[in-house]
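In what follows, a structure is listed as structure tokens, so that the remarks can point back to it.
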Amino acid sequence: ARIPFAEAITGLIDQHTSRLTGLLSGLDNARGAQQPTPGEWSVAEILLHLIGDTASMPREIRSALTGTNPPQRLDQAGGAYTSLGAEDRDLATLRTRLSENLDATKAAVAGLSDEALGQTLRIEGFGDVAVGRWLRFTFSQHFADHAKQIEAAIAATR
Numbered sequence: 017a018r019i020p021f022a023e024a025i026t027g028l029i030d031q032h033t034s035r036l037t038g039l040l041s042g043l044d045n046a047r048g049a050q051q052p053t054p055g056e057w058s059v060a061e062i063l064l065h066l067i068g069d070t071a072s073m074p075r076e077i078r079s080a081l082t083g084t085n086p087p088q089r090l091d092q093a094g095g096a097y098t099s100l101g102a103e104d105r106d107l108a109t110l111r112t113r114l115s116e117n118l119d120a121t122k123a124a125v126a127g128l129s130d131e132a133l134g135q136t137l138r139i140e141g142f143g144d145v146a147v148g149r150w151l152r153f154t155f156s157q158h159f160a161d162h163a164k165q166i167e168a169a170i171a172a173t174r
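The sequence shown runs contiguously to residue 174 in our numbering.
Structure (structure tokens):
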């Protein structure tokens with residue numbers, strides 16, 4: 017039997033949450049804020065990027081389902097982070113913020129039908145994208161790429 021899209025998205029979120037928890041366990045704040053090489057994101061900066069990417073997801077899902085979806089600009093979706101404030105150096109706080117965003121996203125998709133997740137959302141640079149496909153891309157490819165980036169950053173700062 018085919019798994020409903022909402023369950024598949026929730027499963028992807030849970031997989032990445034577990035993966036990130038494993039990668040970050042035992043990593044201290046000093047190493048987390050250290051850039052592997054000049055110009056490359058530190059672990060904390062990668063987490064800030066993921067927090068930015070996921071912060072608006074519940075709102076974007078609701079707006080697509082209600083037909084009130086103004087075009088989303090990429091800089092509003094997450095953006096790049098080039099410097100860390102003191103409040104952004106605590107990995108436990110960053111993990112909590114990301115977990116809260118992911119939990120809110122799971123709650124927003126819980127019980128949605130495949131038809132509902134087929135509603136479109138306009139994203140600058142991508143055009144009209146089905147909500148479910150956007151979420152699947154984000155939680156499969158995009159998060160996987162950043163998990164690899166975290167792995168590399170941890171390895172480079174040993």
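Quick reminder that beta carbons are idealized off the backbone N, C-alpha and C, glycines included.
CB contact flag (residue i, residue j, <7 Å)
i	j	result
I179	V125	Given a span of 17 to 174 for the chain in the structure shown, any question on residue 179 remains unanswerable.
G127	F21	no
Q165	I29	no
L137	A80	yes
A49	S58	yes
P74	T121	yes
H32	F159	yes
L114	N45	no
Three-state secondary structure (DSSP) of residue i
i	result
Q92	Residue confidence is low: Q92 scores 46 on pLDDT, short of 50, so the model does not pin down where it sits. No coordinate-derived value is stated.
L128	coil
I19	coil
S156	helix
E56	coil
R113	helix
S34	helix
Reference residue i; option with closest CA among the options
i	options	result
I139	S129, L110, D161 and S72	S72
Q157	S129, A60, A171 and L66	L66
A163	P54, L64 and A46	L64
T84	Q135, Q51 and R35	Q135
S129	G38, I77, L114 and T70	I77
L43	A17, R111, E56 and E23	R111
G68	E167, T154 and R174	T154
Limits of the unbroken beta strand (DSSP E) element including residue i
i	result
A146	G143 to A146
T136	T136 to I139
Nearest-angstrom Cβ-Cβ length linking residue i and residue j, presumed shorter than 8 Å
i	j	result
A60	R105	6 Å
L118	T82	In fact, because the Cβ distance is near 22 Å, the residues do not count as touching under 8 Å.
Range covered by the alpha helix (DSSP H) that runs through residue i
i	result
E167	F159 to A172
T70	V59 to A71
G48	N45 to A49
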